[in-house]
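Inspection log for the structure reproduced underneath, given as structure tokens.
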Amino acid sequence: MHHISIIGAGYVGLVTGACLAALGMHVICYDIDGEKIDTLSKGVLPIYEPDLQYLVTNCIKNKRLEFTKDLKVAVECSEIIFITVNTPTLDNSECDLTHVYEAVRGIAEHINGYKLIVSKSTVPVGTGRGIKQMLREMLNASGNRISFDVVSNPEFLKEGSAVYDFINSDRIVIGSENEFAANIMKEVYSDQIMCGVPVLVTNLETAEMIKYAANSFLAAKISFINEMAAICELCDADVTQVAKGIGLDSRIGLQFLKPGPGFGGSCFSKDVRALAGISAKMGFRPVILDSILEINRQQTDRMLQKIKNAVGELKSKNIAVLGVAFKPGTDDIRESPSLAVINKLVEDEASVSIYDPKALNVLRKTHPGLKLHYCRNPYTACAKSDCVVLATEWPEFADLDFVRLKTLVRRPVFLDLRNVYQPSYVKSFGFYYEGVGIK
Ligand code: UGA
2 MHHISIIGAG
12 YVGLVTGACL
22 AALGMHVICY
32 DIDGEKIDTL
42 SKGVLPIYEP
52 DLQYLVTNCI
62 KNKRLEFTKD
72 LKVAVECSEI
82 IFITVNTPTL
92 DNSECDLTHV
102 YEAVRGIAEH
112 INGYKLIVSK
122 STVPVGTGRG
132 IKQMLREMLN
142 ASGNRISFDV
152 VSNPEFLKEG
162 SAVYDFINSD
172 RIVIGSENEF
182 AANIMKEVYS
192 DQIMCGVPVL
202 VTNLETAEMI
212 KYAANSFLAA
222 KISFINEMAA
232 ICELCDADVT
242 QVAKGIGLDS
252 RIGLQFLKPG
262 PGFGGSCFSK
272 DVRALAGISA
282 KMGFRPVILD
292 SILEINRQQT
302 DRMLQKIKNA
312 VGELKSKNIA
322 VLGVAFKPGT
332 DDIRESPSLA
342 VINKLVEDEA
352 SVSIYDPKAL
362 NVLRKTHPGL
372 KLHYCRNPYT
382 ACAKSDCVVL
392 ATEWPEFADL
402 DFVRLKTLVR
412 RPVFLDLRNV
422 YQPSYVKSFG
432 FYYEGVGIK
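Here the sequence shown is numbered in this note's numbering, starting from 2 and rising by one per residue.
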């Protein structure tokens, strides 16, 4: 049985730790935030992620998953150390590696035998090599001859289906300098590999680049279809049919071609911006990456314009917004396109009523100054509204009772920013309907 430490019990660290524990390894998670560790030790999760609670509760019970506030304990008791700390974006668009380097310093201080250090946080190309050099220098300075390896093992989990994605990965990428380290990683992932998940072993830099390229390509698909949606609106074409028509070409694929208010979440904008920054720093202007971000920025204004076109002047209008999470299945509102629209509505003095099945507490906590009417269900949010905006495609918004809705609203205007409904269906209840790239 492998003993694994996780440094950084955030979203990636927790999912990775809980899944590895469920696969039979002994996992100990450390986080700099002692309060978080106290809560986690009691089995209480700071985030909502399907299936994670079940895994954490069970793995704590059978002692496969533990939590510690002591980095020394985490480093000493494991041979494999995953670094899963957050790497936020600095004002200059560069990636802030402070927490990564803190983790490396901690490892250098407490190292007590061979360690395989797994860099799983999304980091600029060259960071893995930097970690290696930094650790070597620190150990040399203290006369410590203990050996170690550094591998890059980017994660491709999606919030809302992270546990499923971990077990059913499309691929496992291992950036390694030697076969010994790569083989340990293959043992860690042996269950997935046995089930046929392909493994790609590369050098450190290539693995780091694969992560940025993957997120940039997915974001490019979304910005591409959002641009097609804008053109479709001008020429009465239906973008959902266009997406299907091109996506059925196996070279293109159907996924990530859903138009909407733009991509959100903690990863796409951050990673595309970081890669664009890295590229520009090396003297290369990344035209596609810049355009992905520009199109995504424009989506907020395009969505706001739709609302204005439907209701006119926003001041004193009642707008009901359904959904604030950046996507369904999570309470995460970071870079949420819905929140970007809400901010603009409030700026324009609209009165905004909001309902989300999971993210309202997070919204309240993180945006205490934002003047909103928090509602208990979609119908109370829509009462007396001049416009209903479906902003996050939660399953419970897919079968709204439009007869009831019609009796509640002040004006029957339904803007479906996620193209959940067939336009003719909503119109049949007497609503004005508009989607993104369909009318
Ligand atoms: C994304 C990637 O999909 C993961 O592979 C990656 O591991 C992760 O970032 C990361 O780097 O940590 P995530 O941010 O959880 O995952 O969410 P996605 O499902 O990719 O959605 C991102 C945004 O794009 C959401 O706002 C979603 O609504 C939007 N989106 C997605 C669209 O507007 N259209 C689509 O067709 C698909």
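Idealized CB from N, CA, C, for every residue including glycine.
(1) The ligand UGA and D97: does the residue's C-beta get closer than 8 angstroms to at least one heavy atom of that ligand?
(2) Is I253 close to chain B? Criterion is C-beta to C-beta, closer than 9 angstroms.
(3) Keeping to the same chain, check which residues put their C-beta closer than 8 angstroms to that of V189; ignore five residues upstream and five downstream.
(4) Report the option in G324, N310, D400 whose CA atom is closest to the CA atom of K318.
(5) What residue range does the beta strand (DSSP E) around S120 cover?
(6) To the nearest angstrom, how far is it from the Cα of V76 to the Cα of C30?
(7) Spatial neighbours of L255 within its chain, please: C-beta separation below 8 angstroms, excluding the five flanking residues on both sides.
(8) Once DSSP output is grouped into helix, strand and coil, what is the label at Y31?
(9) Helix, strand or coil for T90? Go by DSSP, reduced to three states.
(10) With a Cβ-Cβ cutoff of 9 angstroms, do R335 and Y356 count as a contact?
(11) Tell me whether G431, by its Cβ, gets closer than 8 angstroms to a heavy atom of the ligand UGA.
(12) Is there contact between the region 177-184 and the region 36-43, where contact requires at least three CB pairs shorter than 8 angstroms?
(13) Nearest CA to the CA of G330: which residue from L46, L15, G35, E50?
(14) Could you tell me whether the region 134-146 touches the region 163-177, using the rule of 3 or more Cβ pairs below 8 angstroms?
(15) Run the CB neighbour count on C196, radius 10 Å, all protein chains shown included, and call it buried at 16 or more, exposed below.
(16) Let me know if Q134 comes out buried or exposed under the rule of 16 or more other beta-carbons within 10 Å of its beta-carbon.
(17) For my contact list, S224 and I296 are in at a C-beta cut-off of 8 angstroms; report their separation, rounded to the angstrom.
(18) Where does the unbroken alpha helix (DSSP H) through S191 begin, and where does it stop?
(19) Considering only the beta carbon of each residue, do L340 and H368 sit closer than 9 angstroms?
(20) For L219, is the beta carbon positioned less than 8 angstroms from some heavy atom of the ligand UGA?
(21) Could you have a look at G248 and say whether DSSP puts it in helix, strand or coil?
(22) If we count Cβ pairs, one from each stretch, closer than 8 angstroms, do we get three or more for the region 124-132 versus the region 93-110?
(23) From the DSSP output, which residues share a beta bridge with C388?
(24) Could you check whether R298 and D231 sit closer than 9 angstroms to each other, using their CB atoms as the reference points?
(25) Would you mind giving the Cβ-Cβ distance between N421 and E394, rounded to the nearest angstrom? I have them listed as a contact below 8 angstroms.
(26) Who are the Cβ neighbours of G35 in its own chain at under 6 angstroms, not counting the five residues just before and after it?
(27) Where does I175 land, buried or exposed, given buried means 16+ other C-beta within 10 angstroms?
(28) How about E234: is its Cβ closer than 8 angstroms to a heavy atom in the ligand UGA?
(29) Per DSSP, what are the beta-bridge partners of V152 in this structure?
(30) Using the DSSP secondary-structure output, state which residues sit across from E350 in a beta bridge.
(31) When every heavy atom of the ligand UGA is checked, does at least one fall within less than 8 angstroms of the C-beta of Q299?
(32) With three or more C-beta pairs closer than 8 angstroms as the rule, is the region 408-415 touching the region 426-433?
(33) Which partner residues does G176 have in the DSSP bridge list?
(34) Identify whether I61 lies in helix, strand or coil by the three-state DSSP scheme.
(35) Have a look at L53 and P379 and give me their C-alpha separation to the nearest angstrom.
(36) Flag this pair as yes or no: are the beta carbons of I84 and I8 separated by less than 9 angstroms?
According to the data block:
(1) For the purposes of this step, residue 97 is taken as residue 96 along the sequence shown, with counting starting at 1. Result no, Cβ not under 8 angstroms from the ligand UGA.
(2) The structure shown contains no chain B; it holds only a single protein chain.
(3) Taking the first residue of the sequence shown as position 1, residue 189 is located at position 188. Here the set comprises H3, I5, L21, M26, I81.
(4) If you number the sequence shown from 1, residue 318 lands on position 317. K318 has its Cα closest to that of N310, out of G324, N310, D400.
(5) Taking the sequence shown and counting its residues from 1, the one referred to as residue 120 is at position 119. 116-120 is the extent of the beta strand (DSSP E) around S120.
(6) Along the sequence shown, one-based indexing puts residue 76 at 75. Along the sequence shown, one-based indexing puts residue 30 at 29. Taking the straight line joining both Cα atoms gives about 10 angstroms.
(7) Here residue 255 is taken as the residue at index 254 of the sequence shown, counted from 1. Closer than 8 angstroms at Cβ, skipping near neighbours: A244, K245, G248, L249.
(8) Along the sequence shown, read from residue 1 onward, the residue named residue 31 stands at position 30. Correct three-state label for Y31: strand.
(9) In the sequence shown, the residue the question calls residue 90 occupies position 89. T90: strand per DSSP, three-state reduction.
(10) Locating residue 335 in the sequence shown gives position 334, where the first residue counts as 1. Locating residue 356 in the sequence shown gives position 355, where the first residue counts as 1. No; because the gap between Cβ atoms is not below 9 angstroms, this pair is not in contact.
(11) In the sequence shown, residue 431 corresponds to position 430, counting from 1. Not so, every heavy atom of the ligand UGA lies at least 8 angstroms from the Cβ.
(12) The region 177-184 and the region 36-43 do not touch, with fewer than 3 CB-CB distances between them shorter than 8 angstroms.
(13) The residue given as residue 330 occupies position 329 in the sequence shown. Of L46, L15, G35, E50, the residue nearest in Cα terms is E50.
(14) Contact check between the region 134-146 and the region 163-177: fewer than three CB pairs, one atom from each, fall below 8 angstroms, which does not count as touching.
(15) Working through the sequence shown from its first residue, we reach residue 196 at position 195. Exposed: under 16 other Cβ atoms inside 10 Å.
(16) Reading the sequence shown from its first residue, position 133 is the one you call residue 134. Of the other Cβ atoms in all chains shown, fewer than 16 fall within 10 Å of the Cβ of Q134; this residue is therefore exposed.
(17) Here residue 224 refers to the residue found at position 223 of the sequence shown. Here residue 296 refers to the residue found at position 295 of the sequence shown. Correct: roughly 4 angstroms between the Cβ atoms.
(18) Position 190 of the sequence shown holds residue 191. Element bounds for S191: 191-195.
(19) The residue given as residue 340 occupies position 339 in the sequence shown. The residue given as residue 368 occupies position 367 in the sequence shown. At a Cβ-Cβ threshold of 9 angstroms, L340 and H368 count as neighbours.
(20) The residue you call residue 219 lines up with position 218 of the sequence shown. Correct: L219 has its Cβ closer than 8 angstroms to the ligand UGA.
(21) Here the question's residue 248 lines up with position 247 in the sequence shown. Residue state, collapsed to three classes: helix.
(22) yes
(23) The sequence position of residue 388 within the sequence shown is 387, counting from 1. The partner list for C388 (beta bridge, DSSP) reads I320.
(24) Here residue 231 corresponds to residue number 230 of the sequence shown, with the count starting at 1. Here residue 298 corresponds to residue number 297 of the sequence shown, with the count starting at 1. Reading the sequence as shown, one finds Ala at residue 231 and not Asp. Going by C-beta atoms, A231 is not nearer than 9 angstroms to R298.
(25) Taking the sequence shown and counting its residues from 1, one reaches residue 421 at position 420. Taking the sequence shown and counting its residues from 1, one reaches residue 394 at position 393. What sits at residue 421 in the sequence shown is Val, not Asn. Confirmed, about 5 angstroms.
(26) Here residue 35 refers to the residue found at position 34 when the sequence shown is read from its first residue. So the qualifying residues of the chain are K70.
(27) Residue numbering aside, residue 175 sits at position 174 when the sequence shown is read from its first letter. So I175 ends up on the buried side.
(28) Counting from 1 along the sequence shown, the entry for residue 234 is found at position 233. No, the ligand UGA has no heavy atom inside 8 angstroms of this Cβ.
(29) Translated into the one-based positions of the sequence shown, residue 152 becomes position 151. Partner(s): V119.
(30) Within the sequence shown, residue 350 is the residue found at index 349, counting from 1. Looking at the DSSP assignment, E350 forms no beta bridge with any residue, so it has no partner.
(31) Stepping through the sequence shown from its first residue, residue 299 is reached at position 298. No, since every heavy atom of the ligand UGA falls outside the 8 angstroms radius drawn around the Cβ of Q299.
(32) yes
(33) In the sequence shown, counting from the first residue as 1, residue 176 sits at position 175. Beta-bridge pairing links G176 to S153, T203.
(34) Position 60 of the sequence shown, counting from 1, holds the residue named residue 61. Residue state, collapsed to three classes: helix.
(35) Taking the first residue of the sequence shown as 1, we reach residue 53 at position 52. Taking the first residue of the sequence shown as 1, we reach residue 379 at position 378. Answer to the nearest angstrom: the Cα atoms are 27 angstroms apart.
(36) Here residue 84 refers to the residue found at position 83 of the sequence shown. Here residue 8 refers to the residue found at position 7 of the sequence shown. At the C-beta level, I84 and I8 come within 9 angstroms of one another.
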